[in-house]
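A.B. asks:
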Amino acid sequence: MKNNMNTKKSLLAIAAATMLLSACSKDKDPETTTPVDFNALKTEVLTNFTNNIAVACYKDLSDASDKLYSSLEALNTSATDANLLAARNSWKSMRTVWEQCEGFLFGPVEDNNYDPNMDTWPTDYVQMDSLLNSSASLEVSDIEQVTLSLRGYHPIEYIIFGDHGARKASEITDRQKKYMISLATDLKNTCHALHTSWTQAPENFAQQVLTAGTGSNKYAKKQEVFIAIVDGMTGICEEVGEGKMKEPFDAQDPTIVESPYSGNSLADFKNNIIGLQNVYLGKYTTDGKGLNDLVAEKNKSLDNKIQAAMTAAINSFDNVTVPYEQAIVSQRVQVQAVMTALGTLKEALDGELKPFVIQYITD
């Protein structure tokens, strides 16, 4: 009899507990997730890319060109080592912005030849010395007509850094100063034009991107501009790994490295890849919707793979601990590892991200 009573009490306790749990469960709202509007997300990504990455980066580049010009004017007026150092720092700061802008090389920067007009390398220093030793005019209008390797960043680099940064302010000649100021003016004009090509009539390229598929004269479909973005990312990855790095590496020739006078080449390369990462993540000075959000919505494992490849490529540069013109001889294993990482990233972008865009962005 005692055992039966205990059994009944146990059953009653279990029943009460079950009813209590059931009541609690009913009181608690079930978790719900709001489905993502993929079409709206595509528009968000393009808007963020246009306004917060492309236009913002080109505005920073335009501002940096003004700062470089001002620092070179100060050096021209007073050739002190302090002013020379300030000019070098301004040059490097501008390079950081420009190299990140190269993460999306499409549109006016290519169509209007802004890129080669300001960033052709290597500098033909023999021809440049010949120009400087001549009596040829060095006005801005003259600079606009010279061969591309005598315009833009790298002749300025040569003048203010000299061989491996050995130039002293007192060594800069009057002809070099004249050439330097005209170069800086030409570079500033190019950067201003690049920025306004995205923001003002008649080109207003930002509107061509924002209205892709809905009235754009350039892009009949959103898919077309997304492909252009991905191709730009792939292109700079290929240019760094198979051009900027591989050509001097194979030849073991420091004279064909991108920025040999300043020792800035590795920073240039790394900032190129940071630039394409900015595009993918939708992140520059602000963090918005990026391609990663679109990819993660449909294929999270692919997003993880692409982000891991980007991180690995960017981090690999840190293993090269000497200037690139030295590393192609003394740290070839580390340099090869960087190029391998860039090759892996390029394959992910061209072989998987681009097909993703073609499959899922059809409008």
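Heads up, the sequence shown is in our numbering, so the first residue is 20 and it goes up one at a time.
Beta carbons: idealized from backbone N, C-alpha and C, even for Gly.
1) Drop a sphere of 10 angstroms on the beta-carbon of Ala-101, count the other beta-carbons inside from all chains shown, and report buried for 16 or more, exposed for fewer.
2) Going by DSSP, what residue range makes up the alpha helix (DSSP H) through Asn-236?
3) Is it buried or exposed, Leu-368, if we count other Cβ atoms within 10 angstroms and call 16 or more buried?
4) Lys-78 and Asp-250 - do their beta-carbons sit closer together than 9 Å?
5) For Ala-247 and Glu-129, I'd like the C-alpha separation in whole angstroms.
6) Could you check whether Gly-234 and Lys-241 sit closer than 9 Å to each other, using their CB atoms as the reference points?
7) Answer yes or no: do Met-358 and Lys-265 have a C-beta to C-beta separation smaller than 9 Å?
8) From which residue to which residue does the alpha helix (DSSP H) around Tyr-299 run?
9) How big is the Cα-Cα spacing for Ile-72 and Asn-311?
10) Using CA coordinates, which residue listed in Cys-76, Lys-111, Thr-142 is at the minimum distance from Gln-119?
11) Would you report the Cα separation of Asn-131 and Ala-327, rounded to the nearest angstrom?
12) Tell me where the alpha helix (DSSP H) around His-173 begins and ends.
13) Which residue comes first and which comes last in the alpha helix (DSSP H) that contains Asn-4?
14) Would you give the residue range spanned by the alpha helix (DSSP H) that Ser-84 belongs to?
15) Below 9 Å between beta carbons: does that hold for Leu-94 and Ile-162?
16) For my contact list, Ser-90 and Lys-207 are in at a C-beta cut-off of 8 Å; report their separation, rounded to the angstrom.
17) Take the Cβ of Glu-158 as the centre, count every other Cβ of all protein chains shown within 10 Å, and call the residue buried at 16 or more, exposed below.
18) Give the C-beta separation of His-214 and Leu-80 to the nearest angstrom, bearing in mind that I take them to be a contact with Cβ-Cβ under 8 Å.
19) With distances taken between CB atoms, is the gap from Lys-365 to Cys-256 smaller than 9 Å?
20) Is Asn-108 near the ligand PLP, in the sense that its beta carbon is under 8 Å from a heavy atom of that ligand?
21) For the alpha helix (DSSP H) that contains Ser-109, what are its first and last residues?
22) Would you kindly check if the distance between the Cβ of Asp-134 and the Cβ of Ser-168 is under 9 Å?
23) For Arg-351, count neighbouring Cβ atoms within 10 angstroms of its own Cβ and tell me buried if that reaches 16, exposed if not.
24) Secondary structure at Asp-369, three-state DSSP: helix, strand or coil?
25) Count the other CB atoms within 10 Å of the CB of Ile-377; is the residue buried (16 or more) or exposed (fewer)?
26) If you follow the alpha helix (DSSP H) that Ser-189 is part of, which residue opens it and which one closes it?
27) List the endpoints of the continuous alpha helix (DSSP H) containing Gly-254.
28) Looking at the structure shown, is Asp-306 part of a helix, part of a strand, or coil, going by DSSP?
29) I'd like the list of long-range same chain contacts for Lys-324, defined as Cβ closer than 7 Å, with 5 residues on each side in sequence excluded.
30) Do Trp-217 and Ile-175 have their beta-carbon atoms positioned less than 9 Å apart in this structure?
31) Might you give, ordered along the chain, the residues of its own chain that have their beta carbon closer than 6 Å to the beta carbon of Asp-269, omitting 5 neighbours on each side?
32) Are there 16 or more other CB atoms within 10 angstroms of the CB of Thr-166, so buried, or fewer, so exposed?
33) Mind reading off the beta-carbon distance from Val-339 to Leu-295? Whole number of angstroms is fine, and I expect it under 8 Å.
34) Looking at the unbroken alpha helix (DSSP H) that takes in Asp-322, where does it start and where does it end?
35) For Val-348, is the classification buried or exposed, using 16 other Cβ atoms within 10 angstroms of its Cβ as the cut-off for buried?
36) If I measure Cβ to Cβ from Leu-150 and keep anything under 7 Å in the same chain, skipping five residues before and after, which residues do I get?
C.D. replies: According to the data block:
1) Exposed, because fewer than 16 other Cβ atoms sit within 10 Å of the Cβ of Ala-101.
2) Asn-236 -> no alpha helix (DSSP H), and no H or E assigned at all.
3) Buried, by the Cβ-count rule.
4) Taking 9 Å as the cut-off, the Cβ atoms of Asp-250 and Lys-78 do not count as close.
5) If I take the Cα positions, the gap works out to 12 Å.
6) Taking 9 Å as the Cβ cut-off, Lys-241 and Gly-234 do not qualify as a contacting pair.
7) In contact: Met-358 and Lys-265 (Cβ atoms closer than 9 Å).
8) Taken as a continuous stretch (DSSP letters only), the alpha helix (DSSP H) holding Tyr-299 covers 284–300.
9) In this structure, the CA atom of Ile-72 is about 15 Å from the CA atom of Asn-311.
10) For the residues Cys-76, Lys-111, Thr-142, the minimum Cα distance to Gln-119 belongs to Cys-76.
11) About 34 Å.
12) His-173 -> alpha helix (DSSP H) spans 172–180.
13) For the chain, the structure presents residues 20 to 382; residue 4 sits outside this window and is missing.
14) 74–96 is the extent of the alpha helix (DSSP H) around Ser-84.
15) Contact flag unset, no.
16) Rounded, the Cβ-Cβ distance is 12 Å, inconsistent with contact.
17) Burial call: exposed.
18) His-214 to Leu-80, Cβ: 7 Å. Contact.
19) Yes, the pair counts as a contact, with Cβ atoms nearer than the cut-off.
20) As far as ligands go, the structure on display features none, and thus does not contain the ligand PLP.
21) Taken as a continuous stretch (DSSP letters only), the alpha helix (DSSP H) holding Ser-109 covers 100–120.
22) Not closer than 9 Å, so no.
23) Its Cβ having fewer than 16 others within 10 Å, Arg-351 is exposed.
24) Three-state result, Asp-369: helix.
25) Counting Cβ neighbours within 10 Å, Ile-377 comes out exposed, since fewer than 16 surround it.
26) For Ser-189, there is no enclosing alpha helix (DSSP H), as DSSP gives it neither H nor E.
27) Here the alpha helix (DSSP H) through Gly-254 covers 241–258.
28) Strand.
29) Within the same chain, Lys-324 has close Cβ partners Ala-367.
30) In this structure, Ile-175 keeps its C-beta atom at 9 Å or more from the C-beta atom of Trp-217.
31) Around Asp-269: no qualifying Cβ.
32) Burial state of Thr-166 is exposed, judged by a 10 Å Cβ sphere holding fewer than 16 other Cβ atoms.
33) The distance from the Cβ of Val-339 to that of Leu-295 is about 19 Å, inconsistent with a contact at the 8 Å cut-off.
34) The continuous alpha helix (DSSP H) containing Asp-322 extends over residues 319–335.
35) Residue burial is scored here from C-beta neighbours: Val-348 has fewer than 16 other C-beta atoms within 10 angstroms and is therefore classed as exposed.
36) Listed in chain order, the non-local C-beta contacts of Leu-150 below 7 Å within the same chain comprise Leu-169, local neighbours out to five positions each way being set aside.
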